[in-house]
Structure formats: C-alpha cells, structure tokens
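Just so we're aligned, residue 932 is where the sequence shown starts under our numbering, counting upward by one. Heads up, the thing below is written out as structure tokens.
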Amino acid sequence: MGGYIVPGESIDRNLVYMVEKSAIDERGLDEIISRQLKKKGLKVYTESTDTSKDYDVKIVYGGQWQWDVTWYLLNVDIRFYEKESSLLLASAYSQRTSLVRKKPSEIVNEAISALFTLNNKEER
932 MGGYIVPGES IDRNLVYMVE KSAIDERGLD EIISRQLKKK GLKVYTESTD
982 TSKDYDVKIV YGGQWQWDVT WYLLNVDIRF YEKESSLLLA SAYSQRTSLV
1032 RKKPSEIVNE AISALFTLNN KEER
C-alpha cells in the first residue's frame, strides 16, 4: 500500500470531489471509495448518484478482482485529478493477495489512509 501527493498539492477538505464510475466496475467500488473518503471528512459524491453537482477534483479508480474459492479484491488504484487541467494531484494504491485478503472496504481504506498520512505530513 502507498500513496503519492504531487509536491505543492494536498487533499483539501474545502474542495468537492467526484468519484467517476469505472465502466467495468460491477461491484460498486465507486460507492466504497466515496464512503471511505467521507469518513475522512471530504465532500464527495459518485458520478452514478448525481451528475448535476459541480466538483473541483475528479477521482478515477481501478480494481483487480481475483478468484480463489471466492472473488476477492486483489488491488485498488485511486487517482485524484484537477478538474480543469486534468493534472494528477495524488494517487493511492493497496494490494492484498489471497492469503491475506480483506474486505474491499478495508483495502480501499488502506490506500486512502496511506494518502492521508502523506497529506497530514505535507500540512505540517
């Protein structure tokens, strides 16, 4: 797991974030990401719930699911882009193999927590 914040940027709680639903996401990762970010105090919504709202930062994600007796989330990659310029602001990543698998919400939380750990260091 890990995260990266572009130097000079931060995860600003005063901005509005929109999680763009992946065309291949059949398991609701957009909603899981949105919920985890709300727990961190961000104003966030998913593209699938409200397309009329304005936002400052677009969040895109990818997840790889694997089969080992049951389906599990192998990894998740979450990227934050500035709306106007489409420049990358930050990214977060987490991976869990079959033997140490966790619930999708826990894997997403690991990635986001790594990013917020970096963000808190940047704000000091």
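Beta carbons: idealized from backbone N, C-alpha and C, even for Gly.
{"query": "Residues sharing a beta bridge with A1021, DSSP", "result": "I936 and F1011"}
{"query": "Distance, K1033 Cα to K952 Cα", "result": "22 Å"}
{"query": "Neighbourhood of R977 by C-beta distance below 7 Å, restricted to the same chain and skipping five residues each side", "result": "Contrary to the premise, residue 977 reads as Thr rather than Arg in this sequence. Taken in chain order, the residues that qualify are V950, K952, D961, E962 and S965."}
{"query": "Buried or exposed by the 16-neighbour rule on C-beta atoms within 10 Å, applied to P1035", "result": "buried"}
{"query": "Euclidean distance between Cα positions of L968 and K1014", "result": "18 Å"}
{"query": "Cβ neighbour criterion (16 or more within 10 Å) applied to R955", "result": "For the sequence presented, residue 955 should be read as Ile rather than Arg. Its Cβ having fewer than 16 others within 10 Å, I955 is exposed."}
{"query": "Buried or exposed by the 16-neighbour rule on C-beta atoms within 10 Å, applied to V975", "result": "buried"}
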